[in-house]
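Trainee: Heads up, the sequence shown is in my numbering, so the first residue is 640 and it goes up one at a time.
Cβ coordinates follow ideal geometry from the N, Cα and C atoms, glycine included.
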Amino acid sequence: MESENPYLHIKEFEEVCNTFQEGGASIDLMWLKLFPFTLKDKAKIWLNSLRPRTKENEKFYECWESYMEAINACSHHGFDTWLLVSCFYDGMSSSMKQLLETMCGGDFMSKNPEEAMDFLSYVAEVSRGWDEPNAREVGRIKSQPNAKGGMNVLNEDIDMKAKVAVMARKLEEL
Numbered sequence: 640m641e642s643e644n645p646y647l648h649i650k651e652f653e654e655v656c657n658t659f660q661e662g663g664a665s666i667d668l669m670w671l672k673l674f675p676f677t678l679k680d681k682a683k684i685w686l687n688s689l690r691p692r693t694k695e696n697e698k699f700y701e702c703w704e705s706y707m708e709a710i711n712a713c714s715h716h717g718f719d720t721w722l723l724v725s726c727f728y729d730g731m732s733s734s735m736k737q738l739l740e741t742m743c744g745g746d747f748m749s750k751n752p753e754e755a756m757d758f759l760s761y762v763a764e765v766s767r768g769w770d771e772p773n774a775r776e777v778g779r780i781k782s783q784p785n786a787k788g789g790m791n792v793l794n795e796d797i798d799m800k801a802k803v804a805v806m807a808r809k810l811e812e813l
């Protein structure tokens with residue numbers, strides 16, 4: 640129902656779950672298993688539309704680290720390296736795919752699997768600094784005429800220019 644209060648729903652769900660504990664299993668595990676059964680209509684459709692184990696707005700390096708942790712945790716998985724690269728690439732946003740292709744000269748998927756894994760590790764390491772403005776950018780941000788009440792206004796153009804500048808510096812270092 641559209642008129643249902645999601646906070647009340649969660650509170651009632653928590654109260655019910657806290658009344659018992661399943662065979663020593665953690666309460667968090669129980670919540671994760673039972674919660675989907677409490678949803679109906681649009682909420683159920685929304686939940687089912689989510690891709691498994693995805694996180695909204697996850698940074699590239701965080702995603703790569705999670706992916707590598709999962710692979711290393713199950714080292715006996717038996718998947719070929721090319722398939723691991725392909726699965727990761729297919730899960731990337733189109734804008735990240737474009738950025739990746741640009742960084743490697745437009746031939747990422749033609750790299751051999753080991754080179755592709757190394758390149759993804761490199762991009763993950765480089766991308767750690769994408770959210771950190773350099774001294775020049777900090778000065779530009781502080782002197783914005785549209786800033787009000789101590790709040791800085793960042794537009795996408797400045798953000799993209801900062802990312803391109805960081806990429807250019809890193810490529811020059813190669």
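Between the region 667-684 and the region 716-735, do three or more beta carbon pairs fall short of 8 angstroms?
Mentor: The region 667-684 vs the region 716-735: no contact.
Trainee: Within the same chain, show all residues whose beta-carbon is closer than 6 angstroms to that of Y700, passing over the 5 residues directly before and after it, in chain order.
Mentor: Result list for Y700: A763, S766 and R767, in chain order.
Trainee: Assign R808 to one of three DSSP states: helix, strand, or coil.
Mentor: Here R808 sits in helix by DSSP.
Trainee: Taking the alpha helix (DSSP H) that H716 falls in, what are its first and last residues?
Mentor: Counting along the chain, H716 falls outside any alpha helix (DSSP H), and DSSP gives it neither H nor E.
Trainee: Please work out which residues of its chain come closer than 7 angstroms, Cβ to Cβ, to L686, disregarding the five sequence neighbours upstream and downstream, and give them in chain order.
Mentor: Correct list, in chain order: P675 and L678.
Trainee: Which residue's Cα is closest to the Cα of W769: D757, G744, M735 and N751?
Mentor: Comparing Cα-Cα distances from W769 to each of D757, G744, M735 and N751, the minimum goes to M735.
Trainee: Counting along the chain, where does the alpha helix (DSSP H) carrying L671 start and finish?
Mentor: Segment I666 to L673, the alpha helix (DSSP H) holding L671.
Trainee: With DSSP run on the structure shown, which of helix, strand or coil describes F676?
Mentor: Residue state, collapsed to three classes: helix.
Trainee: Whose C-beta lies closer than 6 angstroms to the C-beta of L739 among residues of the same chain, with five residues either side of it excluded?
Mentor: Once the five neighbours on either side are set aside, the close Cβ partners of L739 are F747.
Trainee: Are the CB atoms of C743 and F727 nearer to each other than 7 angstroms?
Mentor: No.
Trainee: With DSSP run on the structure shown, which of helix, strand or coil describes E753?
Mentor: Helix at E753.
Trainee: Where S760 and W703 are concerned, what is the direct C-alpha to C-alpha distance, given to the nearest angstrom?
Mentor: Using only the alpha carbons, I get a separation of about 7 angstroms.
Trainee: State the DSSP-derived secondary structure class of M735, mapped to helix, strand or coil.
Mentor: The answer is helix: DSSP assigns M735 an H, G or I state.
Trainee: Take W721 and list the residues in its own chain whose beta-carbon comes closer than 7 angstroms to its own, dropping the five residues that flank it on each side.
Mentor: Excluding sequence neighbours, W721 sits near P752.
Trainee: Going by alpha carbons, who is nearest to L689 out of Y706, V724 and G730?
Mentor: Considering only alpha carbons, the answer is G730.
Trainee: Work out the CA separation of V724 and A755 for me, nearest whole Å.
Mentor: Taking the straight line joining both Cα atoms gives about 7 angstroms.
Trainee: Counting along the chain, where does the alpha helix (DSSP H) carrying C656 start and finish?
Mentor: Note, C656: alpha helix (DSSP H), P645 to C656.
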